[in-house]
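The working numbering puts the first residue of the sequence shown at -8, with every later residue one more than the last. Positions of the beta carbon are idealized from the N, C-alpha and C atoms, including for glycine. To start, the structure under review is shown below, and the notes come after it.
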Amino acid sequence: MSIIKNITKELENIVKQAGYEVDNLVLQPSGRKDLGQYQLNDAMPLAKKYGKNPRMIAEDIVKILEQNSRFTNINIAGPGFINITLTDEYLVELLNKIAANIDENIDKEETKKIVIDYGGANVAKALHVGHLRSANIGEALKRLAKLLGHDVLGDAHLGDYGRPLGLVLREIKERYPNLEYFDENYTGDFSEVELPITNEDLEIIYPYASNKAKEDEQYLEDARDITLRIQRHEKGYYDLWKKVVDISKEDIKETYAALNVFFEIWNGESDEMEYFDELKQIYEDKNLLVESEGAQIVEVATEEDKAPMPPLIFTRSNGVASYETTDLAAIYERKINFNPDEIWYVVDGRQSLHFEQTFRAARKADLVSDNVVLEHIGFGTMNGKDGKPFKTRDGGVLSLKSLMNLVYNETYSKITNESIQEQEKEKVAKTVAVAALKYADLLPFRGTDYIFELEKFADLEGKTGSYILYSTIRMKSLLAKASELKQEKMQLIGGETEKEIALTILSMPTVLTKAKEARSLNDIAEYLYKLTSLYNKFYSENKVLVEENQQLQESWLVLTKLVYDINILLLDVLGIKVPEKM
Ligand code: ARG
-8 MSIIKNITKE LENIVKQAGY EVDNLVLQPS GRKDLGQYQL NDAMPLAKKY GKNPRMIAED
52 IVKILEQNSR FTNINIAGPG FINITLTDEY LVELLNKIAA NIDENIDKEE TKKIVIDYGG
112 ANVAKALHVG HLRSANIGEA LKRLAKLLGH DVLGDAHLGD YGRPLGLVLR EIKERYPNLE
172 YFDENYTGDF SEVELPITNE DLEIIYPYAS NKAKEDEQYL EDARDITLRI QRHEKGYYDL
232 WKKVVDISKE DIKETYAALN VFFEIWNGES DEMEYFDELK QIYEDKNLLV ESEGAQIVEV
292 ATEEDKAPMP PLIFTRSNGV ASYETTDLAA IYERKINFNP DEIWYVVDGR QSLHFEQTFR
352 AARKADLVSD NVVLEHIGFG TMNGKDGKPF KTRDGGVLSL KSLMNLVYNE TYSKITNESI
412 QEQEKEKVAK TVAVAALKYA DLLPFRGTDY IFELEKFADL EGKTGSYILY STIRMKSLLA
472 KASELKQEKM QLIGGETEKE IALTILSMPT VLTKAKEARS LNDIAEYLYK LTSLYNKFYS
532 ENKVLVEENQ QLQESWLVLT KLVYDINILL LDVLGIKVPE KM
């Protein structure tokens, strides 16, 4: 249990000693620092419960509080607000505890097995800005849930099933008709066949084929036919498909890795669809499939629905499974292979109907038991200055790589540290670019849209990844310069800024728990900014290295190390790496 929670429990006990039962007492950071560090508002509800004057209750509580040497400056304000302050000695003791073991500052939760689906990149198509937020938010939520004690797996859930791949293969056939893959009489080993195609080619081929299919009916028909052949694992086409997937997957992995995004499971929709027959059997056995104009559908509307809830299309009239069905298959597969307590989908908020339909259909067939959480964690879009989803100048979709390049150019131009050599400078600029982009992406509440503002995101001042990295590196270099000095234990706490830092540190567990509950990283991003700014204030107020009071100097260094450690920990939760210098 975190320190702040322990104090809360202790206060509940004190209230009990005063003769009152209170559960879930709230230790509220005070809005009026002159009155106290914290405020207890419980006398008012207790007054209702016990039919007494709140001020009298507050006085009863204060009597006991005053016997406790850990609290000071205890006073009652207004109708019965109790203000309290932790003594300096107590604060020092608490900070030393946290410095020795940062887990003292985290409220671990009962371990749940959680699968997080936050990839969704489509094979043979370039990752674009639309994939950025799932990757950033999903990765950070995964790290946060792990930190809080959960057993979490990230699933890339690649879009490798369905017509886009049929189109790609159709176009490859156009360009290389003599490839062995298209030769029905070929008897050799396909793994030895060279495919003269790179990922860059694929990124051109897909849009090309997709446009062509809009004008050429026969071409589209061929692509449909190839799609079915792939799904039937037909020799040749299936082997070519696998090769295309592998080429694309390599590139997708690289792009995600550049963003510090790593999946434990690299399944694609096609892997899930291996379970399609079993899945269909379940729906048939439970009489859940209804025939409608040749398609098989599952009714998911209920009487309580206020808005229309269309049925889920299980298979279309041509027998092909829908996007919803791929997600049903994924739920089924995850149940078999991982048996999770929760499945989270970090996917664009505009897909909410898709998930609502899918979850309802999954529940109807009892694909998972009732207590398994299925949750769509939707997010808003990253917009351009015009307020519409971010586009290139000519109106096209911007690839994620190009976006990262834009930010890189900006962060590169901002590195003025002359001790950094050219080669290293490029590396540093890359790390800072990822930090700037990720921090800006995680700073707004996930549900809201935000505007991509290059100069602002990469600024060294203000609420930015660059500012936090820069400050964190400065803490580290201060500690390195002081390596000969004692940095063991905090001895005393001097000024107001240090106390504010201390209280901010104590509030960390609340921020983490709240962020996990909200499935949003914005509070953590804000917290990092707050802690860092407070530290910088302290840094400008004091000359740590030349301080003559050795006890104070040691305390300052320990505090610096603690803030540094917390920054590293929380930046890691956000999936942000810290360069050596910048
Ligand atoms: N591949 C899909 C797309 O690009 C996103 C997949 C999201 N995840 C899911 N389980 N449906 O729209």
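Proximal residues to THR504 (C-beta, below 7 Å), its chain only, five neighbours per side dropped:
Around THR504, the same chain offers ASP98 as residues with beta carbons nearer than 7 Å, after the five sequence neighbours per side are excluded.
Mind checking PHE579: buried by the 16 CB within 10 Å criterion, or exposed?
Because residue 579 is not part of the residues shown, which for the chain are -8 to 573, the question remains open.
Would you decide whether ARG223 is buried or exposed? Buried here means 16 or more other CB atoms lie within 10 Å of its CB.
Taking a 10 Å sphere around the C-beta of ARG223, we find fewer than 16 other C-beta atoms and assign the residue as exposed.
Determine whether the beta carbon atoms of GLN478 and LEU548 lie at a separation below 7 Å.
In this structure, LEU548 lies closer than 7 Å to GLN478 by Cβ.
Taking Cβ positions, are ALA426 and ILE567 nearer each other than 7 Å?
A contact, by the Cβ cut-off of 7 Å.
Relative to the alpha-carbon of GLU409, which residue among PHE443, ASP268 and LYS572 has its alpha-carbon at the smallest distance?
A check of alpha carbon separations from GLU409 across PHE443, ASP268 and LYS572 identifies LYS572 as the nearest.
Out of LYS240, ASP296, ARG220 and GLY386, point me to the one whose CA is closest to GLY110's CA.
Scanning LYS240, ASP296, ARG220 and GLY386 for the CA closest to the CA of GLY110 turns up LYS240.
Please classify ALA286: does DSSP put it in a helix, a strand, or coil?
In this structure, ALA286 counts as strand in the three-state DSSP scheme.
Spatial distance of GLN19 from ARG307 (CA atoms)
Computed Cα separation, rounded: 56 Å.
Give the range of the alpha helix (DSSP H) segment to which ASN653 is assigned.
The displayed coordinates of the chain run from -8 to 573. Any statement about residue 653 would go beyond what the structure contains.
Hey, could you find the ends of the beta strand (DSSP E) LYS104 is sitting in?
In the DSSP annotation of this structure, the continuous segment of the beta strand (DSSP E) that includes LYS104 starts and ends at 104 to 108.
Can you find a heavy atom of ligand 1 that lies under 6 Å from the Cβ of HIS141?
Not under cutoff, so the answer is no.
LYS297 to PHE329, Cα distance in whole Å?
Between LYS297 and PHE329, the C-alpha separation is close to 35 Å.
Cutoff 7 Å; reference ASP242; Cβ partners in own chain excluding five residues on either side
Counting only Cβ-Cβ distances below 7 Å, and skipping sequence neighbours, we find ASN190.
Three-pair Cβ contact test at 8 Å for the segment 254 to 266 versus the segment 274 to 284
Three or more beta-carbon pairs separated by less than 8 Å are not found between the segment 254 to 266 and the segment 274 to 284, which leaves the two stretches without contact.
Segment contact flag, the segment 71 to 90 with the segment 484 to 494, C-beta cutoff 8 Å, min 3 pairs:
Taking 8 Å as the limit for Cβ pairs, the verdict is that the segment 484 to 494 does touch the segment 71 to 90.
Supposed close pair LEU574, LYS379 - CB separation, criterion 8 Å:
No answer is possible for residue 574: the residues shown for the chain start at -8 and end at 573.
Assess contact between the segment 101 to 121 and the segment 54 to 72, defined as three or more Cβ pairs (one per stretch) separated by less than 8 Å. Is contact present?
Under the Cβ criterion (8 Å, minimum of three pairs), the segment 101 to 121 does not count as touching the segment 54 to 72.
Mind checking who ALA577 pairs with in its DSSP beta bridge?
In this structure the chain extends from -8 to 573, so residue 577 is not present and cannot be described.
Taking the alpha carbon of LEU31 as the reference point, which residue from PHE305, ASN15 and SER125 has its own alpha carbon closest?
With distances taken between Cα atoms, LEU31 lies closest to ASN15.
Leaving aside the five residues before and after GLU324 along the sequence, list all residues of the same chain whose C-beta is less than 6 Å from its C-beta, in chain order.
For GLU324, where only same-chain residues beyond five positions count, the Cβ hits under 6 Å are GLU263 and TYR266.
One or two residues paired with PHE62 in a DSSP bridge:
For PHE62, the pairing in a beta bridge is given by DSSP as LEU77.
With contact counted as at least three CB pairs below 8 Å, one residue from each stretch, are the segment 156 to 168 and the segment 117 to 136 in contact?
Not touching, per the Cβ criterion.
Give the secondary structure of TYR152 by DSSP, where H, G and I count as helix, E and B as strand, and everything else as coil.
In this structure, TYR152 counts as coil in the three-state DSSP scheme.
Can VAL338 be considered in contact with ligand 1, in the sense that its beta carbon sits closer than 6 Å to one or more heavy atoms?
Because some heavy atom of ligand 1 lies under 6 Å away, the Cβ of VAL338 counts as near it: yes.
Between the CA atoms of GLU101 and TYR314 - distance to the nearest angstrom
In this structure, the straight-line span from the alpha carbon of TYR314 to that of GLU101 is close to 34 Å.
Classify GLN412: buried if its beta carbon has 16 or more other beta carbons within 10 angstroms, exposed otherwise.
GLN412 is exposed by the Cβ-count criterion.
Examine ligand 1 and report whether any of its heavy atoms sits within less than 6 Å of the Cβ of HIS148.
With a threshold of 6 Å, the Cβ atom of HIS148 counts as near ligand 1, since some heavy atom of the ligand is closer than that.
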